[in-house]
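So the protein lines, in turn, are chains A and B. Using our numbering, you'd call the opening residue of the first sequence number 1 and step up by one each time. Using our numbering, you'd call the opening residue of the second sequence number 1 and step up by one each time. This report concerns only the one structure given below.
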Amino acid sequence: MTPPTFERPTAEVLDAVLADHGGVLAQLSAAWDAAWDAVDPVLLELCRLRVAMLLGCAAELTARTPAAVAAGLGEDVIAVLADWPRSDRFDARQRACLAFTEQFVIDVAGLDDATAGAVRDELGEQGLVDFVSALLVIEQRQRLRLTWAQLFTEAP
Amino acid sequence: MTERSARIGRVAAARPLRQALTDWQAAVVLLDAIDPVTTELVRLRCAHHHDCHTCKSVRLVIARDEGLDEATIAEAERSGASLPAAQRAARALADAMMSAPGELPATLLAELREHYSDAELLELSLDVMKWNYQKVPVSLGVDFEVRPGELAELRFDANGHWMRPSAAEVATGAGS
Chain A
1 MTPPTFERPT
11 AEVLDAVLAD
21 HGGVLAQLSA
31 AWDAAWDAVD
41 PVLLELCRLR
51 VAMLLGCAAE
61 LTARTPAAVA
71 AGLGEDVIAV
81 LADWPRSDRF
91 DARQRACLAF
101 TEQFVIDVAG
111 LDDATAGAVR
121 DELGEQGLVD
131 FVSALLVIEQ
141 RQRLRLTWAQ
151 LFTEAP
Chain B
1 MTERSARIGR
11 VAAARPLRQA
21 LTDWQAAVVL
31 LDAIDPVTTE
41 LVRLRCAHHH
51 DCHTCKSVRL
61 VIARDEGLDE
71 ATIAEAERSG
81 ASLPAAQRAA
91 RALADAMMSA
101 PGELPATLLA
111 ELREHYSDAE
121 LLELSLDVMK
131 WNYQKVPVSL
141 GVDFEVRPGE
151 LAELRFDANG
161 HWMRPSAAEV
171 ATGAGS
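Structure (structure tokens):
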């Protein structure tokens with residue numbers, strides 16, 4: 001039996017809720033694919049999972065992006081992700097992006113030059129812009145999923 | 001208004017990602033279940049939440065044409081208490097989505113269902129996320145006012161794309 005809409009993976013939730021809005025769905029899906037092409041998948045997966053922790057998105061926390069797993073991201077690293085500031089399992093690039101991610105999710109207006117500059121130093125200007133754009137795509141999907149699960153009992 | 005400096009030069013996201021984000025925003029703009037005034041009040045709520053200088057510097061023309069004036073916008077920014085209940089609920093949904101999307105209060109859910117259909121709620125939620133694109137320019141420090149020190153008109157073309165005023169229009173004040 002097919003589980004209720006909001007117990008399914010996020011891609012299926014989007015498919016169900018946006019079934020009558022093909023243009024919106026197609027572009028959200030295209031943005032998702034483009035995000036993973038533009039940013040290192042292990043780096044983006046760590047940030048996706050950190051976003052899920054901050055927003056309390058359980059479905060996204062239990063999911064794994066195949067490209068990141070294929071690139072070598074292990075469960076041992078994910079297990080200590082919440083403690084990244086104190087863990088030695090994360091390199092300078094990952095730490096810069098995780099710090100940026102946290103500020104981006106919680107209070108983007110309060111993001112300071114040092115936090116953005118640390119990402120730019122690690123990824124370059126183009127990398128920073130790609131990373132921020134990809135981060136937005138990842139965050140939007142989770143905020144939509146969480147909101148819809150409360151607004152609707154089933155896909156409208 | 002918070003001062004922030006540009007953190008990049010003239011750099012855009014990789015083309016497929018930029019194009020997809022542009023097209024997704026346009027697709028949402030074309031949805032029309034929500035009236036222009038509510039759309040604008042939600043857009044401005046997002047602009048203030050994220051302190052987006054660009055978004056705060058423009059006004060949606062079709063909402064102005066429907067009667068939304070600066071006095072109402074200013075009051076909405078102060079408290080919003082005098083707005084109709086449906087518009088207050090729409091703004092509260094935006095607040096919740098931008099702060100704690102997994103914890104929408106039961107009272108808010110009841111108000112939203114009282115005033116909006118499922119199709120309208122879906123559009124409102126998509127609108128909030130569309131306007132939240134502002135997080136990209138804000139975080140990069142490139143959310144410049146369209147016309148420094150004054151308001152500019154916000155229009156979209158038939159395909160849902162922002163008709164950004166040209167440099168010449170901005171320089172001469174044309175179109176304002």
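Note that beta-carbon positions come from the ideal geometry of N, C-alpha and C, so glycine has one too.
- For B:L17, the nearest beta carbon of chain A is closer than 7 Å to its own beta carbon.
- By the Cβ rule, the region 46 to 65 of chain A does not count as touching the region 107 to 120 of chain A, because fewer than three pairs are nearer than 8 Å.
- Inter-residue distance for B:L17 and A:S29 is about 11 Å (C-alpha atoms, whole angstroms).
- Counting along the chain, A:E7 sits inside no beta strand (DSSP E), nor does DSSP assign it H or E at all.
- Around B:A47, the same chain offers C55, K56 as residues with beta carbons nearer than 6 Å, after the five sequence neighbours per side are excluded.
- If only complete runs of 4 or more residues are kept, the region 80 to 153 of chain A shows the alpha helix (DSSP H) at 92 to 107, 113 to 151, in order along the chain.
- Below the 8 Å Cβ cutoff, chain A contributes no neighbours of B:R164, its closest Cβ being approximately 18 Å away.
- If one requires a minimum length of 4 residues, the alpha helix (DSSP H) runs lying completely within the region 1 to 78 of chain A are 10 to 17, 22 to 38, 41 to 55, 58 to 62, 66 to 70, in chain order.
- When DSSP reads this structure, B:E153 sits in a beta bridge with B:R59.
- Within the same chain, R88, R91 come within 7 Å of B:G80 by CB-CB distance, once the 5 residues on both sides are set aside.
- Using a 10 angstroms sphere on the CB of B:G149, the tally of other CB atoms stays under 16, which defines it as exposed.
- Secondary structure at B:R147: strand, using DSSP grouped into helix, strand and coil.
- Around the beta-carbon of A:G127, 16 or more other beta-carbon atoms lie within 10 Å, marking it buried.
- At a cut-off of 7 Å, the C-beta of A:Q126 has a neighbouring C-beta in chain B.
- Beta bridge pairing from DSSP links B:W131 with no other residue.
- Listed along chain B are P101, G102, each with a C-beta nearer than 7 Å to that of A:L55.
- By the C-beta criterion, the region 101 to 113 of chain B is judged not to be in contact with the region 110 to 127 of chain A, since fewer than 3 inter-stretch pairs fall below 8 Å.
- Contact annotation, B:L121 with B:V61: C-beta distance approximately 25 Å; criterion of less than 8 Å not satisfied.
- Here A:E154 is near A:T5, since their CB atoms are less than 7 Å apart.
- Secondary structure remark: continuous alpha helix (DSSP H) runs of at least 4 residues inside the region 89 to 116 of chain B, in chain order: 106 to 115.
- Cβ atoms of A:L61 and A:L49 come within 8 Å of each other, at about 6 Å.
- For B:A6, no CB of chain A lies under 7 Å from its own CB, so it is not counted at the interface with that chain.
- Within the same chain, H115 come within 6 Å of B:A86 by CB-CB distance, once the 5 residues on both sides are set aside.
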